[in-house]
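2 protein chains.
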Amino acid sequence: MQWIPRPCDELDNPRGILFLTNVIVDHLVVLAPGLLGASVARAARARGLARRITLWARRPEVRAALLDQPWCDAVADTAELAVRDADLVVLAAPVERIIELAARIAPHLPATALLTDVGSVKFELCRQVAAALPPGPVFIGAHPMAGGAHTGWEHASDDLFEKRVCFVTPAADAPAEAIDTVSAFWRGTGAEVVPAAPAEHDRIVAHISHLPQALATALAGFLATHPGDWRHLAGNGLRDTTRIAASDATMWIEIFQQNRTEVVRALDGCLAEIQALRDNLAAKDWEDVRARLVAGKTWRDGFKP
Amino acid sequence: MQWIPRPCDELDNPRGILFLTNVIVDHLVVLAPGLLGASVARAARARGLARRITLWARRPEVRAALLDQPWCDAVADTAELAVRDADLVVLAAPVERIIELAARIAPHLPATALLTDVGSVKFELCRQVAAALPPGPVFIGAHPMAGGAHTGWEHASDDLFEKRVCFVTPAADAPAEAIDTVSAFWRGTGAEVVPAAPAEHDRIVAHISHLPQALATALAGFLATHPGDWRHLAGNGLRDTTRIAASDATMWIEIFQQNRTEVVRALDGCLAEIQALRDNLAAKDWEDVRARLVAGKTWRDGFKP
């Protein structure tokens, strides 16, 4: 692992001091690359974050196709072989398969290896991956908030993470150097790194990602019980509000399973808010309804453009 | 009022038959033009839907400014004067002021005048406007589903209604010719006219427009009780789901007031759906949760692109 000096933005750094903000990984290994994992490999190649990139995928035909990509130096036949001399391993499998993948490669990792992942739920996962590892290798969980309408490595891009939030969620006892290195790697892909404890991460995404998904799904499911052509009469409001209802069901089952407690808690809070708006509307308490409309508007107006 | 033949789309009309689908109004009067009313005047001028366009606005400085517009032939000092020899009057005031405006101009309308409006709620409004009119003039309510981030006549455009749905909501006893003429006028602005009884219209928009607004407001209001920087960590899902929470509070109070019963009913149905999703999530009934995710996705995938 090599640290390279990189000048920070002039605004942050008026005197032009060089900070250690970037890292070059000697051997980067991405396991089970889909959209996110392959975009990590592409970003690493495009931005010079790794000297050597090894990939492993479960299906032989995917391995064959990956070998043809300019962002792939080698393909391993097994995950165990792939990680033998890895410096940084990215566990890019679907969230419920990351733990078993970590357990499988654990005996084959060099003692100095770092591991990170792309899973969208962190508390259980970080705990169990850490428990599966022998002394030596360190896992620093990550959750890049990036995606697209299409999944699969074929849709990966060099700049998927550019200016997107990437949570980095170290365990309380993680070594500072490992945290710094994994954070620097993610920052190198273009992401804005946000540190958070795993449990805090899960509470935040339950509110800002999983709750909106549940509401969009419920609204779409409710409207599905009404005439189908109503949706063609709607303006952009309904279109925007329900867009994520079209997300992949299998991915969301996994996220809901992993973050069930926090999602239920967020739903309870939001249900109380909807019920209060409904009750005050029914009671013609227009002062209360106006206050709710204004509070929502004030919050939404605070979004960055 | 003059009907002009216009060939229909080739797809609908393979034999090239001419249908009476367009109308020219001799004297169009738009009262209280804001974004929607001024866009009606602009569309009428740009598309040749009216020979003469007269406007009236409450504030003198607005009247002076309107007189300079190429889509305005005359400005009247009062609404009563404006409608004296009108063929078609567009009541473009905010929804809660349309009824009083109709009552005010009623004694001054020619017996042959037609009236329409742009109000987003229809049942009460259509009933009361019809009741305010003397025998002769006919009111055919309309609700063009168009708008923008900015209100006010300054932001009007020639093509605001292009390909947007415009509900036309005649009373049960409205003469067919009046319905046809008002429908043809709205179609002439570029809108896709959808006929609906006033009560049916209110039930539809309660579901496809007012319910999404209430949910976005409640979600934004709920998240406003959490740390403010969470919103900067969110992806596009939260951004889309809450976009309409930033809508104008005064406009929405009026809509909720006018359509309270239907909005409360839609909220009750949607609350039951959200509660069921929450309960099955809490109970780990993953088969049920998956079915809900799939139902929502199927419905959303059915949107036109």
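Chains as they are written, first to last, in the working numbering: chain A, 683 to 987; chain B, 683 to 987.
Just so it is clear, CB atoms sit at the ideal spot from N, CA and C, and this is done for glycine as well.
| What is the DSSP secondary structure of B/Asn704, counted as helix, strand or coil? | For B/Asn704, the three-state secondary structure derived from DSSP is strand.
| task | At 3 residues or longer, and completely inside the stretch 906-961 of chain B: list those beta strand (DSSP E) runs for me, N to C. | result | The stretch 906-961 of chain B contains no whole beta strand (DSSP E) run of 3 or more residues.
| query | Do the stretch 876-887 of chain B and the stretch 834-846 of chain B make contact, defined as three or more Cβ pairs closer than 8 Å? | reply | The stretch 876-887 of chain B makes no contact with the stretch 834-846 of chain B, as fewer than three CB pairs between them are under 8 Å.
| So, is A/His832 buried or exposed, given that buried needs 16 or more other C-beta atoms within 10 angstroms? | Its Cβ having fewer than 16 others within 10 Å, A/His832 is exposed.
| Should B/Trp981 go down as buried or exposed, given a rule of 16 or more other Cβ atoms within 10 Å for buried? | With 16 or more Cβ atoms within 10 Å of its Cβ, B/Trp981 is classed as buried.
| field | Residue from B/Gln895, B/Pro909, B/Gly951 and B/Ala931 with nearest C-alpha to B/Arg925 | value | B/Gln895
| task | Would you give the residue range spanned by the beta strand (DSSP E) that A/Glu874 belongs to? | result | Glu874 to Pro877
| request: Assign A/Cys754 to one of three DSSP states: helix, strand, or coil. | output: DSSP places A/Cys754 in coil when its eight states are reduced to three.
| query | What do you get for B/Leu975, buried or exposed, if any count of 16 or more other CB atoms within 10 angstroms of its CB means buried? | reply | Under this definition B/Leu975 is a buried residue.
| Distance CB(A/Phe867)-CB(A/Val705) smaller than 8 Å | yes
| Is the shortest distance between the beta-carbon of A/Phe938 and the beta-carbons of chain B less than 8 Å? | yes
| task | Specify, as a first and last residue, the run of the beta strand (DSSP E) that A/Ile735 falls within. | result | Ala732 to Trp738
| Within 8 Å of chain B by C-beta, residues of the stretch 962-980 of chain A in sequence order | Leu963, Ala964, Lys966, Trp968, Val971, Arg972, Arg974, Leu975, Val976, Ala977, Gly978, Lys979 and Thr980
| message | Assuming A/Ala761 and A/Thr736 are in contact, meaning their beta carbons sit under 8 Å apart, how far apart are those beta carbons, in whole angstroms? | response | Beta-carbon to beta-carbon, A/Ala761 and A/Thr736 are separated by about 11 Å, too far to satisfy the 8 Å threshold.
| task | May I have the straight-line CA-CA distance separating A/Leu743 from A/Ala714, to the nearest angstrom? | result | Before going on, a small fix: residue 743 of chain A reads as Glu here, not Leu. The alpha-carbon atoms of A/Glu743 and A/Ala714 are separated by roughly 13 Å.
| Closest Cβ-Cβ distance between A/Phe985 and chain B: below 8 Å? | yes
| How many Å lie between A/Pro687 and A/Ala728 at the Cα? | Because the pLDDT at A/Pro687 is just 47, under 50, the model does not fix this residue reliably, and the point stays unresolved.
| message | Which residue wins for smallest C-alpha separation from B/Arg846, given the options B/Ala973, B/Val875 and B/Ser891? | response | Looking at the Cα atoms, B/Val875 is the closest of the given residues.
| Based on Cα-Cα distance, which residue from B/His892, B/Asp922, B/Gln751 and B/Leu842 lies nearest to A/Asp983? | Measuring from the Cα of A/Asp983, the nearest candidate turns out to be B/Asp922.
| message | If we define contact as Cβ-Cβ less than 8 Å, is A/Arg982 a contact residue for chain B? | response | yes
| said: Quick check: the Cα distance between A/Ser929 and A/Trp738, rounded to an integer number of angstroms? | reply: 26 Å
| message | What does the alpha-carbon distance come out to for the pair B/Arg869 and A/Pro826? | response | 47 Å
| Contact between the stretch 948-959 of chain B and the stretch 952-963 of chain A: three or more CB pairs below 8 Å? | yes
| query | Under the criterion of a Cβ to heavy atom distance below 7 Å, does B/Trp912 qualify as lining the ligand HEM? | reply | Because no ligand of any kind appears in the structure shown, any question about the ligand HEM cannot be addressed here.
| field | Neighbour list for B/Glu859 in chain A, Cβ cutoff strictly below 7 Å | value | Residues of chain A passing the Cβ test: none, with the nearest at roughly 25 Å.
| query | What does A/Trp868 touch in chain C if you count any residue whose Cβ is under 9 Å from its own? | reply | Protein chains in the displayed structure are A and B, and chain C is not among them.
| query | Which residues, taken in chain order from the stretch 837-848 of chain B, show a beta carbon closer than 7 Å to some beta carbon of chain A? | reply | Val847
| request: Determine whether the Cβ of A/Leu953 lies closer than 8 Å to any Cβ atom of chain B. | output: yes
| For A/Ile699, which residues from the same chain have a beta carbon less than 6 Å from its beta carbon, with the 5 sequence-adjacent residues on both sides left out? | In this prediction, A/Ile699 scores a pLDDT of 40, lower than 50, which makes its location untrustworthy; no coordinate-derived value is stated.
| said: For a quick check, are the C-beta atoms of B/Ala888 and B/Ala948 less than 8 Å apart? | reply: yes
| message | Considering Cα atoms alone, identify which of A/Arg972, A/Phe938 and A/Leu893 is closest to A/Lys804. | response | A/Phe938
| message | Counting beta carbon pairs with one atom in the stretch 931-946 of chain A and one in the stretch 770-779 of chain A, are three or more of them shorter than 8 Å? | response | yes
| Bridge partners - A/Leu710, DSSP secondary structure assignment | A/Ile735 and A/Leu770
| task | Spell out whether any CB of chain A is found under 8 Å from the CB atom of B/Asp950. | result | yes
| task | Could you tell me whether any Cβ in chain B is nearer than 8 Å to the Cβ of A/Val722? | result | Residue-level contact check: A/Val722 does not touch chain B, since none of the beta carbons of chain B fall below 8 Å from its beta carbon.
| request: Starting from B/Thr980, follow the alpha helix (DSSP H) in both directions and report where the run begins and ends. | output: Trp968 to Asp983
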